[in-house]
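**Q** First to last, the protein sequences are chains A and B. With the first letter of the first sequence counted as 1, position 322 gets the number 323 in the numbering used here; the numbers rise by one all the way through. With the first letter of the second sequence counted as 1, position 67 gets the number 895 in the numbering used here; the numbers rise by one all the way through. Below is one structure. I have some questions about it.
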Amino acid sequence: MSLPGNDTTRDGPPIVVEGLHKRFGSTHALRGLDLTVPAGTVCGLLGPNGAGKTTAVRVLATLAAPDAGRVRVAGFDVVREADRVRRTIGLAGQHAALDEGITGRDNLHLVGRLHHLGARGARRRADELLDRFGLTEAADRLVRTYSGGMRRRLDLIASLVTRPAVLFLDEPTTGLDPRSRNDIWSTVRELSAEGTTVLLTTQYLDEADQLADDIAVVDHGRVIASGPPERLKATIGTRVEVTLADSGHFATAACVLSALTGGESSLDEAERRIAATTDPDRSVTLPGLIRELDAAGVATLDAALRRPSLDDVFLALTGRTAPEHPAGSGPALERTTR
Amino acid sequence: MTTTLTAPATGRQGPVAAEPGRLRRALSDSMTLTLRILLYYRHSPGLIAASLAAPLAMLLVFGYIFGSAMQVPGGGSYRAYLMPGLFVLVAVNGVVPSMVGAARDIGRGVTDRLRSMPISRPAALLGQTLADLLVSAVVLAMMVGVGLTTGWRIHDGVPRALAALALLLLFRFVMNWVGIWLGLLVGREDIAGQLSVLVFPIGMVTNVFVPTGGLPAWLRLVAEWNPISAVAAATRELFGNAHPLGADAPWPLRHPVVATLAWSALLLAVVGPLAVRRFTTHGR
Ligand SMILES: Nc1ncnc2c1ncn2[C@@H]1O[C@H](COP(=O)(O)OP(=O)(O)OP(=O)(O)O)[C@@H](O)[C@H]1O
Ligand SMILES: [Mg+2]
């Protein structure tokens, strides 16, 4: 049944957060968070532990009340029109929220009934989702007997029962095996293509890179950077790493690198490695680098350019410098994030 | 335009958008949540057996061990006196599953899941208490069976006996709400489990096991004004069992049926809104 003037959403961006503050006793979890997520896009919320991501999601999902600020979901105020908000959203929290004493199928079935899909509609939807996420075999077992990843998946699909217009996923793939993670990723992509607006938090930067149209980096309860992943990466220069054949060439090599990158170079005497990061507006090519080093008479064992990853962005923004990061010392061109 | 994209996403399910009336929605939500608890019992049939264990153990200890040396003032068998008291304990024990269940739901995040859905808040709690009511009706029926086989009798006819059972279920319902409120208040299953041990001593300082006439004055005051005593007296009166009163028994014991109704209404009026409020604001 389609309604004239569909009242389940209002025009405008489905998620608008302005100056959101939230305290827990003496902890100031959110200190003026601003965020806008346009319709049909995926926004990735990144941030170190304790940054306030879960708190933000809980406020958006009407579970926590803001202390100050304006928060609207699907055009409805999360405080004054909480019930309208609840009718449009799906939520999969950071910790699975399941009834352990009943079966997986019944968990979904109950969620469907609570959303008034009717007994038959709820059953059909539960079957559909179980099938789609490979849980049919386990569906009639008690959730108590599920593995961690199975719980996570069941919790996630419980948030999809109503095909929500706005979906909140708090660390949706934590603890999932690669296949399940891929399933979730493709689901998020599909939902987004169908017009669902998704806000997801994650600790996996490649996940944000893969899924998010926009990323907001949160630290100490504030958004400290936001934009498409490519643009965020462009704010960080390319990293140049050279391993020298002869440690006597350190000074010369440092001069060459500084001239090329416009940045300071750092030395690793033990590994005979020298590294520098380019200014964001400069570009360096590998042949160019080698030519310059040759011309200066520097003998090299290895030279590499590493395009910045979201990890670098994250580390640079949240105040820890790249060299502290163990993987930052390797010559890998691409690094996998755990 | 955003609505053309999102409309199929939500509108596809008709019933969500159709939005039945508030009351109908609330009723349907309570039924669904009743179903949830019933499913839970279906997978743990041992729970019903377990809730029979405590009253049966007391029947053994008090009815047969202490009871062998007990005299009821004014005559009559002690077991016939005790039995209605044990029925009342079944009702009072309604605090336990509700308290532990509410605390467990908080711990498991189920409370948050429910709170993030468009569910009427009182309906969410009502569903849990209704399910418990159905289960406790079964437990009570079993206890009546045990009573009848161990020498306890109904003396004033079936209608009054049914009224007694209805009163017991009403009190159980009230105790469920008390339990839900306490469970939401403590919010932790382990603490709720520890607290439930308190139900026993609170049930002891009453006329459930012995008539209050012989208690020291201060304890007698507490016991006679304990709502549980009124329920036990009302139950005995309606079943036609002896309930000997001290000469200066207070009003609730002399009008136990009215007192039980009044206590129930009062407790419900206080604890119900507190529980709903706590559910609504938990973790905010
Ligand atoms: N209920 C609460 N009571 C007290 N403090 C809280 C509560 N919830 C969150 N906090 C505090 O608020 C801050 C933000 O927590 P939050 O859970 O939002 O972080 P997060 O970004 O989700 O972290 P993580 O990546 O570890 O999940 C933390 O300092 C946390 O200790
Ligand atoms: Mg979190």
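Even for Gly, the Cβ is constructed at its ideal location relative to N, Cα and C.
For the alpha helix (DSSP H) containing Asp312/A, list its first residue and its last residue.
**A** Segment Leu311 to Leu318, the alpha helix (DSSP H) holding Asp312/A.
**Q** Which residues in the same chain have their Cβ closer than 7 Å to the Cβ of Gly48/A, if we skip the five residues on either side of it in sequence?
**A** Contacts found: Lys54, Val218, Val219 and Asp220.
**Q** Are any of the Cβ atoms in chain B nearer than 9 Å to that of Val112/A?
**A** Chain B contact via Cβ: present.
**Q** Between Gly91/A and Leu21/A, how many whole angstroms is the CB-CB distance? I'm expecting something under 8 Å.
**A** Gly91/A to Leu21/A, Cβ: 21 Å. No contact.
**Q** So the beta strand (DSSP E) Phe251/A belongs to, where does it begin and stop?
**A** Segment Phe251 to Thr262 is the alpha helix (DSSP H) holding Phe251/A; no beta strand (DSSP E) there.
**Q** Quick check: does the Cβ of Thr174/A come within less than 8 Å of any heavy atom belonging to ligand 2?
**A** No, the Cβ of Thr174/A stays beyond 8 Å of every heavy atom of ligand 2.
**Q** At a CB-CB cut-off below 7 Å, which residues of chain B make contact with Ala66/A?
**A** Residues of chain B passing the Cβ test: Arg1112.
**Q** DSSP on Glu265/A, reduced to helix/strand/coil?
**A** It is coil, neither helix nor strand.
**Q** Exposed or buried, which one is Ser187/A when buried takes at least 16 other CB atoms within 10 Å?
**A** So Ser187/A ends up on the exposed side.
**Q** Does chain A have any CB closer than 9 Å to the CB of Val1027/B?
**A** With 9 Å as the cut-off, Val1027/B does not count as an interface residue toward chain A.
**Q** Can you list, in chain order, the residues of its chain whose CB lies under 7 Å from that of Thr1108/B, leaving out five sequence neighbours each side?
**A** Excluding positions up to five away in sequence, the list reads Arg949.
**Q** Alpha carbon to alpha carbon, how far is Gln211/A from Arg336/A? Give it in angstroms, no decimals.
**A** In this prediction, Arg336/A has a pLDDT of 30, which is less than 50 and means its spatial position is unreliable; what the coordinates show is noted afterwards. The straight-line gap from Cα to Cα measures roughly 14 Å.
**Q** By Cβ distance, which residues of its chain are closer than 7 Å to Leu914/B, with the 5 residues on each side in sequence left out?
**A** Contacts found: Pro883, Met886, Leu887 and Met971.
**Q** Cα-Cα, which of Val1025/B, Val974/B, Leu990/B and His871/B is closest to Val920/B?
**A** Here the closest residue by C-alpha is Val1025/B.
**Q** Is the beta carbon of Val189/A closer than 9 Å to that of Pro165/A?
**A** It is not a contact, given that the beta carbons lie outside the stated cut-off.
**Q** Would you grab the beta carbon distance between Asp960/B and Pro925/B for me? Rounded to a whole angstrom, and I think it's under 8 Å.
**A** Indeed they touch by this definition, with Cβ atoms about 6 Å apart.
**Q** Please report the distance separating the alpha-carbon of His96/A from that of Met151/A.
**A** About 13 Å.
**Q** Work out the CA separation of Arg124/A and His110/A for me, nearest whole Å.
**A** Cα to Cα, the separation comes out at about 6 Å.
**Q** Below 8 Å on C-beta distance, what does Arg292/A contact in chain B?
**A** Within chain B, no residue comes near Arg292/A; the closest Cβ sits about 52 Å away, beyond 8 Å.
**Q** Please indicate yes or no: does the CB of Asp171/A lie closer than 8 Å to some heavy atom of ligand 2?
**A** True, at least one ligand heavy atom lies under 8 Å from that Cβ.
**Q** Quick check: Val1110/B and Gly1015/B, are their CB atoms within less than 9 Å of each other?
**A** In the sequence under discussion, the amino acid at residue 1110/B is His, which differs from the Val named in the question. Contact flag set, yes.
**Q** What residues does ligand 1 have around it, judged by CB closer than 5 Å to any heavy atom, in chain order?
**A** In chain order, the qualifying residues are Phe25/A, Thr28/A, Ala30/A, Asn50/A, Gly51/A, Ala52/A, Gly53/A, Lys54/A, Thr55/A and Thr56/A.
**Q** Taking the alpha helix (DSSP H) that Asp100/A belongs to, which residues open and close that run?
**A** That residue, Asp100/A, is in no alpha helix (DSSP H); it is neither H nor E in DSSP.
**Q** Determine the contact status of Ser310/A and Leu206/A, defining contact as a CB-CB distance below 9 Å.
**A** Yes.
**Q** Any heavy atom of ligand 2 closer than 8 Å to the Cβ of Thr203/A?
**A** For ligand 2, not one heavy atom lies less than 8 Å from the Cβ of Thr203/A.
**Q** Based on Cα-Cα distance, which residue from Ile934/B, Met1032/B and Gly985/B lies nearest to Ile1008/B?
**A** When only C-alpha atoms are compared, the closest one is Ile934/B.
**Q** Ignoring anything shorter than 4 residues, give me the alpha helix (DSSP H) runs that lie fully in the stretch 181-229 of chain A, in order along the chain.
**A** You should have 206-212.
**Q** Looking only at its own chain, which residues have a Cβ that is under 8 Å from the Cβ of Pro281/A, when we skip the five neighbours before and after it?
**A** Closer than 8 Å at the Cβ level, and outside the excluded window around Pro281/A, lie Ala235, Thr236, Ile237 and Gly238.
**Q** Give a yes or no on whether 9 Å exceeds the smallest Cβ distance from Arg936/B to chain A.
**A** Chain A, which has a Cβ nearer than 9 Å to the Cβ of Arg936/B, makes this yes.
**Q** Pairs of beta-carbons, one from the stretch 1094-1104 of chain B and one from the stretch 997-1007 of chain B, closer than 8 Å: are there three or more?
**A** With a cut-off of 8 Å, the stretch 997-1007 of chain B and the stretch 1094-1104 of chain B count as touching, because enough Cβ pairs lie within range.
**Q** Which of the three DSSP states, helix, strand or coil, is assigned to Thr28/A?
**A** Strand, per DSSP.
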